[in-house]
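If you count by my numbering, then the sequence shown holds residues 2 to 171, one letter each, in order.
Positions of the beta carbon are idealized from the N, C-alpha and C atoms, including for glycine.
To start, the structure itself, in structure tokens.
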Amino acid sequence: MASQQAEHDRVSGFRRVVDGPAAEWFGLAARLGLAVVWGWAGLAKVADPAEAAQAVRAYEILPESLVKPVGWGLPFLELALAVLLVLGLGTRVVAVISAALLLLFIAGISSVWARGISIDCGCFGGGGAVSESQTKYVQEILRDTGFLLLSAWLILRPRTKLSVDAWLAA
Numbered sequence: 002m003a004s005q006q007a008e009h010d011r012v013s014g015f016r017r018v019v020d021g022p023a024a025e026w027f028g029l030a031a032r033l034g035l036a037v038v039w040g041w042a043g044l045a046k047v048a049d050p051a052e053a054a055q056a057v058r059a060y061e062i063l064p065e066s067l068v069k070p071v072g073w074g075l076p077f078l079e080l081a082l083a084v085l086l087v088l089g090l091g092t093r094v095v096a097v098i099s100a101a102l103l104l105l106f107i108a109g110i111s112s113v114w115a116r117g118i119s120i121d122c123g124c125f126g127g128g129g130a131v132s133e134s135q136t137k138y139v140q141e142i143l144r145d146t147g148f149l150l151l152s153a154w155l156i157l158r159p160r161t162k163l164s165v166d167a168w169l170a171a
């Protein structure tokens, strides 16, 4: 009986953290953390769209007709996601788009790794062919998986502190 009560108390304490005010503050941190990542990535690439297109080309996945539109458009999508996350506007939708984009990035990095292509991912500018010793596929996949977990939190718990979403719901 005492062990059941202890288990109930432990679950109740966990629920308070996941569903309570702390969850909204963690959501704010997740939202702003993702915003910094998307903003940094977008700003690093927006100034040199040709370099961004070259980074896309290095993956050898897309047909050439899509390389420029993706390379030139991706920085603007990343910046738009950053702005929406800072505002906390459409948080769940933005988190779903973020998660989809991160899954694509993880798949792209995994693909070049599996095919033995040596590139810099170009996630934060640069990109293109590098020597095999300069690849960082494991770190890049782990980093993006961490960002994916933040996105998942926001998909499940989109209500966060200091957001336009919360203001509109009030």
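Minimum C-alpha distance to residue i - residue among the options
i	options	result
P22	T161, L103 and A171	T161
I110	L67, A48, G129 and L80	G129
I118	A56, L29 and F148	A56
G127	G43, P64 and G91	G43
E133	F148, F125, D145 and V113	V113
W39	A115, C124 and L150	C124
S152	Y138, A30 and A170	A30
G91	A171, S164, E61 and A54	S164
C122	L169, R58 and W73	R58
Residue span of the alpha helix (DSSP H) that contains residue i, given as start and end
i	result
I118	Careful: I118 lies outside any alpha helix (DSSP H) and carries neither H nor E.
E65	E65 to L88
A170	V165 to A170
Beta-ladder partner(s) of residue i, from DSSP
i	result
C129	Per the sequence shown, residue 129 should be read as Gly rather than Cys. Bridge partners of G129: D121.
Simplified DSSP state of residue i, which is helix, strand or coil
i	result
K137	coil
P50	helix
A25	Here residue 25 turns out to be Glu, not Ala, going by the sequence shown. In the structure shown, E25 sits in a helix (DSSP, three-state: H, G or I).
R32	helix
I62	coil
At least three beta-carbon pairs within less than 8 Å, the region 68–84 to the region 42–53: yes
Cβ contact check for the region 25–43 and the region 53–67: 3 or more pairs under 8 Å: no
The region 84–97 contacting the region 138–146, beta-carbon criterion three pairs below 8 Å: No: the two stretches stay apart, fewer than three of their Cβ pairs being nearer than 8 Å.
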